[in-house]
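Asker: Chains as they are written, first to last, in UniProt numbering: chain A, 1 to 185; chain B, 1 to 185; chain C, 1 to 185; chain D, 1 to 185.
Every residue, glycine too, gets a C-beta built ideally from N, C-alpha and C.
For clarity, every value in this text was computed on a predicted model and none was experimentally measured.
Protein chains: 4
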Amino acid sequence: MSKFQLKRDQSIQVILETAMRLFSEKGFEATSIRNISLEAEISLGLMYNYFESKEELMLEILKRGSVIVKEAFAELLKEPAPHSAIEQYVRHTVKFLKANKAFCKLLQTVHLQSDEGRQVQSEIKKESAAAEEKVRHHLINSGIPFPELEAKLLFASIDGMVQHYLANDNYPIDDVATLLLMKYR
Amino acid sequence: MSKFQLKRDQSIQVILETAMRLFSEKGFEATSIRNISLEAEISLGLMYNYFESKEELMLEILKRGSVIVKEAFAELLKEPAPHSAIEQYVRHTVKFLKANKAFCKLLQTVHLQSDEGRQVQSEIKKESAAAEEKVRHHLINSGIPFPELEAKLLFASIDGMVQHYLANDNYPIDDVATLLLMKYR
Amino acid sequence: MSKFQLKRDQSIQVILETAMRLFSEKGFEATSIRNISLEAEISLGLMYNYFESKEELMLEILKRGSVIVKEAFAELLKEPAPHSAIEQYVRHTVKFLKANKAFCKLLQTVHLQSDEGRQVQSEIKKESAAAEEKVRHHLINSGIPFPELEAKLLFASIDGMVQHYLANDNYPIDDVATLLLMKYR
Amino acid sequence: MSKFQLKRDQSIQVILETAMRLFSEKGFEATSIRNISLEAEISLGLMYNYFESKEELMLEILKRGSVIVKEAFAELLKEPAPHSAIEQYVRHTVKFLKANKAFCKLLQTVHLQSDEGRQVQSEIKKESAAAEEKVRHHLINSGIPFPELEAKLLFASIDGMVQHYLANDNYPIDDVATLLLMKYR
DNA sequence: AATGAATGAGACTTCATTCAT
DNA sequence: TATGAATGAAGTCTCATTCAT
Numbered sequence: 001m002s003k004f005q006l007k008r009d010q011s012i013q014v015i016l017e018t019a020m021r022l023f024s025e026k027g028f029e030a031t032s033i034r035n036i037s038l039e040a041e042i043s044l045g046l047m048y049n050y051f052e053s054k055e056e057l058m059l060e061i062l063k064r065g066s067v068i069v070k071e072a073f074a075e076l077l078k079e080p081a082p083h084s085a086i087e088q089y090v091r092h093t094v095k096f097l098k099a100n101k102a103f104c105k106l107l108q109t110v111h112l113q114s115d116e117g118r119q120v121q122s123e124i125k126k127e128s129a130a131a132e133e134k135v136r137h138h139l140i141n142s143g144i145p146f147p148e149l150e151a152k153l154l155f156a157s158i159d160g161m162v163q164h165y166l167a168n169d170n171y172p173i174d175d176v177a178t179l180l181l182m183k184y185r
Numbered sequence: 001m002s003k004f005q006l007k008r009d010q011s012i013q014v015i016l017e018t019a020m021r022l023f024s025e026k027g028f029e030a031t032s033i034r035n036i037s038l039e040a041e042i043s044l045g046l047m048y049n050y051f052e053s054k055e056e057l058m059l060e061i062l063k064r065g066s067v068i069v070k071e072a073f074a075e076l077l078k079e080p081a082p083h084s085a086i087e088q089y090v091r092h093t094v095k096f097l098k099a100n101k102a103f104c105k106l107l108q109t110v111h112l113q114s115d116e117g118r119q120v121q122s123e124i125k126k127e128s129a130a131a132e133e134k135v136r137h138h139l140i141n142s143g144i145p146f147p148e149l150e151a152k153l154l155f156a157s158i159d160g161m162v163q164h165y166l167a168n169d170n171y172p173i174d175d176v177a178t179l180l181l182m183k184y185r
Numbered sequence: 001m002s003k004f005q006l007k008r009d010q011s012i013q014v015i016l017e018t019a020m021r022l023f024s025e026k027g028f029e030a031t032s033i034r035n036i037s038l039e040a041e042i043s044l045g046l047m048y049n050y051f052e053s054k055e056e057l058m059l060e061i062l063k064r065g066s067v068i069v070k071e072a073f074a075e076l077l078k079e080p081a082p083h084s085a086i087e088q089y090v091r092h093t094v095k096f097l098k099a100n101k102a103f104c105k106l107l108q109t110v111h112l113q114s115d116e117g118r119q120v121q122s123e124i125k126k127e128s129a130a131a132e133e134k135v136r137h138h139l140i141n142s143g144i145p146f147p148e149l150e151a152k153l154l155f156a157s158i159d160g161m162v163q164h165y166l167a168n169d170n171y172p173i174d175d176v177a178t179l180l181l182m183k184y185r
Numbered sequence: 001m002s003k004f005q006l007k008r009d010q011s012i013q014v015i016l017e018t019a020m021r022l023f024s025e026k027g028f029e030a031t032s033i034r035n036i037s038l039e040a041e042i043s044l045g046l047m048y049n050y051f052e053s054k055e056e057l058m059l060e061i062l063k064r065g066s067v068i069v070k071e072a073f074a075e076l077l078k079e080p081a082p083h084s085a086i087e088q089y090v091r092h093t094v095k096f097l098k099a100n101k102a103f104c105k106l107l108q109t110v111h112l113q114s115d116e117g118r119q120v121q122s123e124i125k126k127e128s129a130a131a132e133e134k135v136r137h138h139l140i141n142s143g144i145p146f147p148e149l150e151a152k153l154l155f156a157s158i159d160g161m162v163q164h165y166l167a168n169d170n171y172p173i174d175d176v177a178t179l180l181l182m183k184y185r
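#1: For a quick check, are the C-beta atoms of Glu27 of chain A and Phe23 of chain B less than 9 Å apart?
#2: How would you write the range of the alpha helix (DSSP H) that Ala30 of chain D sits in, first residue to last?
#3: What's the C-alpha gap between Ala129 of chain B and Gln88 of chain B?
#4: Under a CB-based cut-off of 9 Å, is His111 of chain D close to chain C?
#5: Express the C-alpha separation of Lys105 of chain B and Gln121 of chain B in angstroms, rounding to a whole number.
#6: Leaving out five residues before and five after Tyr184 of chain C in sequence, what residues of the same chain have Cβ atoms less than 6 Å from its Cβ?
#7: Please identify the residue among B:Arg64, B:Ala19, B:Leu59 whose C-alpha is closest to the C-alpha of Ile42 of chain B.
#8: Considering just the uninterrupted stretch of the alpha helix (DSSP H) at Arg185 of chain A, what are its terminal residues?
#9: Examine chain C for any beta-carbon lying closer than 9 Å to the beta-carbon of Gln163 of chain D, and answer yes or no.
#10: Any Cβ of chain B within less than 9 Å of the Cβ of residue 220 of chain A?
#11: What residue ranges within the UniProt domain "HTH tetR-type" (9 to 69) of chain D form continuous alpha helix (DSSP H) runs of no fewer than 4 residues, ordered along the chain?
#12: If you run the structure through DSSP and keep just helix, strand and coil, what is Ser142 of chain D?
#13: Quick one: is Phe28 of chain A near chain B, going by C-beta distance under 9 Å?
#14: Tell me the rounded alpha-carbon separation between Leu107 of chain B and Ile68 of chain B.
#15: Less than 8 Å between the CB atoms is what I'm expecting for Glu150 of chain D and Leu181 of chain C, so what's the real figure, rounded?
#16: Can you tell me whether Ala74 of chain D is buried or exposed? The criterion is at least 16 other CB atoms within 10 Å of its CB, across all chains shown.
#17: Should the stretch 110 to 127 of chain C be called in touch with the stretch 156 to 163 of chain C, which here means at least 3 C-beta pairs below 8 Å?
#18: Could you have a look at Tyr165 of chain B and say whether DSSP puts it in helix, strand or coil?
#19: Please state whether the Cβ-Cβ distance between Met47 of chain C and Leu57 of chain C is less than 9 Å.
#20: So is Ala177 of chain C buried or exposed if we call it buried at 16+ other beta carbons inside 10 Å?
#21: Which residues in chain D sit within 8 Å of Glu150 of chain C, going by Cβ to Cβ distance?
#22: What do you reckon, are the CB atoms on Asn35 of chain A and Ser11 of chain A nearer than 9 Å?
#23: Would DSSP call Leu149 of chain A helix, strand or coil?
#24: Take the Cβ of Ile61 of chain A as the centre, count every other Cβ of all protein chains shown within 10 Å, and call the residue buried at 16 or more, exposed below.
#25: If you drop the 5 nearest sequence neighbours on each side, which residues of the same chain put their C-beta closer than 7 Å to that of His138 of chain D?
#26: Taking CB distances under 9 Å as the criterion, tell me whether Tyr89 of chain C reaches chain D.
#27: How would you call Ile173 of chain B, buried or exposed, if buried means at least 16 neighbouring beta carbons within 10 angstroms?
#28: Using a C-beta cutoff of 9 Å, does Pro172 of chain B count as contacting chain A?
#29: Relative to the alpha-carbon of Ala102 of chain C, which residue among C:Asp9, C:Ser114, C:Leu16, C:Phe4 has its alpha-carbon at the smallest distance?
#30: Use the C-beta contact count for Ser53 of chain A: other C-beta atoms within 10 angstroms, 16 or more gives buried, fewer gives exposed.
#31: Taking Glu87 of chain C as part of the alpha helix (DSSP H), name the residues at either end of that continuous run.
#32: Which word fits Tyr96 of chain C, buried or exposed, when buried means at least 16 other C-beta atoms lie within 10 angstroms of its C-beta?
#33: So, for Leu127 of chain C: in the same chain, excluding its five sequence neighbours on each side, which residues have a beta-carbon less than 6 Å away from its beta-carbon?
#34: Quick check: is the beta carbon of Lys105 of chain D nearer than 9 Å to any beta carbon in chain C?
#35: Mind listing the chain B neighbours of Pro153 of chain A? Cutoff is C-beta to C-beta under 8 Å, in chain order.
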């Protein structure tokens, strides 16, 4: 029983990691199952022992990522804000980004065709909503003139940073983040 | 003669616009030539009178976009900075974005496989380099503490705005841009 | 328009005939699309210009057969019975069988998986129901002891004849039919 | 030893029965070895300890059926005809049919691809030849006008009955058989 | 120039079979 | 003996591209 479970899990892990990398590098459609099998050094058919289809493989990647995102934001909300909610949010985002680079790249890139795919994607977005709300409230309470717009600008800046970090090697995201936070002291 | 030429150009224009829309909506791989021909109301075979291949059609879209980008930035560099180079850059970017939404969406989305594609894409980037440089110099000359980092943050904020504008209908990009510029007064 | 329509119809006809033959000879599952395309001397992909799937090709065969069956039985019911309803039914059945040997073989053989397939098959059966009813009534009115059972036996004999005719070359179905009819004088 | 042998035989029996059922229900091609292994609650790999291949499993079913058919006909030929050879043949056929419904269904349904398969099938047919010959002689000796044709009609009627019995639940085959026999008194 | 029929390489997927344990 | 993980040939289907008219 457990003998097979181990092999299963190993294979599943290899498939998921390879697929995530290739999907994020080349896109979902441009990545063939053969591509994945060659890179993962498994047989072409093995994928279908564990995933019903290419689509389902993608969904599984998203679902697992969704869980990680959920955990990350749950942790964030649990902690009391160290100095400011903004700093906490930004630092967490950067930390998560570094720890889950491939998945973040995938999220940015992927065009979901299926309804289920879009649903999972929107669920992932919902996860962050509470944390964003916390930041938005922080801005509202800070007495800043246009708190809603400020929130929009802040999230734009963060997402822009993320985008550049994912696109360029050696992007000094920590420094840029620090500079960003200095604007909100 | 000229009558045929006119019709030809019209067809080409329709194809390019339809293809751009579909590529940006569904992705390059997920859009078939038949799709485009149906939407553009051009017969399938005729597509190949105008474009050698699907790849070439994509390249043509990028090349024409590249020309527009080049013109836009040329115009930008020609004008004297009204108040500040930053404001000029941001306003131009927003204006261009609004005028070329589909193309910008395509640029964000598309995964270029071919070398030629990547080359065109990098050329487009180079177009903006001069304008970015102008902004960077403005920041350096302004005596701000970390001008290079500031530039990175500024471009991140701009690209984040662009990203959110393209993703959401009704995104108040002018207001967010105004707020952003207020930080650099 | 008509120029292409002709080619379309020719191709469709070739595909349908070849597929019917192969399905009835080897069974649906054991017949590959490649098989059909090779025998029909068309390209593999052409089938998919005209039929969405192998399943749909099968359905189309059944539907067209269904129409022919319907016409045949309509004709049968229109005519007044020459001597007896039984003779009329048997002769018509034999005539139809000879004219549509491949389709009859297919009907006998095929295992329908899909609901739609089974539906078409049951529709075909319904077509014959009225004609069978006419025969049944004839038997009831004839004062024969067990008319319902007689009908069952008669239809069994007919179907057995059909089965043997389809299985063996040179089966003297006309003579067997004549002999059968002599039992009901 | 014997304990293992027993278990082995039990497993083989379960596999054969399950396979026969599935083959006759869904067809040979549409039934996968995995299907059989799941229904028979035998592990996939173990199947191949008992049968070299799917084809060979089918052959084994046919061979065992062939033996049963042979025994049945041997028994039939051993007995003296009670009243008539025809009655004896029909009653035996019905009895065998009821006792081996699944196998009979399989025989009707299956399209044999391999030579060996067809050979076994033709052997099964040969088994019945002697019994059929007895019936044919009975008809010839009875002074009936067209004995050969009468035989053909009789066997057609029987096979038609069999066909209807296998296709419909609650088919009153005994009654139909009785009625058939009444024609030959 | 214009049409859509035709082609076939390559994608996804299944499944009989083998292999490692 | 028994298990199910792993393999890869072969099937269905898609679609960029060519061809005949």
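Answerer: Reading from the atomic positions:
#1: Note that residue 27 of chain A corresponds to Gly in the displayed sequence, not to Glu. No. Outside cutoff.
#2: Per DSSP, Ala30 of chain D belongs to no alpha helix (DSSP H) and is neither H nor E.
#3: 15 Å
#4: yes
#5: 13 Å
#6: Ile86
#7: B:Ala19
#8: Element bounds for Arg185 of chain A: n/a, residue is neither H nor E.
#9: yes
#10: Coverage of chain A is limited to positions 1 through 185, which leaves residue 220 of chain A absent and any answer about it impossible.
#11: 33 to 40, 44 to 50
#12: coil
#13: yes
#14: 13 Å
#15: Not really, about 13 Å apart at Cβ, beyond 8 Å.
#16: exposed
#17: no
#18: helix
#19: yes
#20: buried
#21: Leu179
#22: no
#23: helix
#24: buried
#25: Ser84, Ala85, Ile86
#26: no
#27: buried
#28: yes
#29: C:Leu16
#30: exposed
#31: 85 to 99
#32: It should be pointed out that residue 96 of chain C corresponds to Phe in this sequence rather than to Tyr. Result: buried.
#33: A quick correction: the sequence has Glu, not Leu, at residue 127 of chain C. For Glu127 of chain C, where only same-chain residues beyond five positions count, the Cβ hits under 6 Å are Val69, Lys70, Phe73.
#34: no
#35: Residue 153 of chain A is actually Leu in this sequence, not Pro. Those within 8 Å of Leu153 of chain A in chain B are Ser157, Met161, Val176, Leu179, Leu180.
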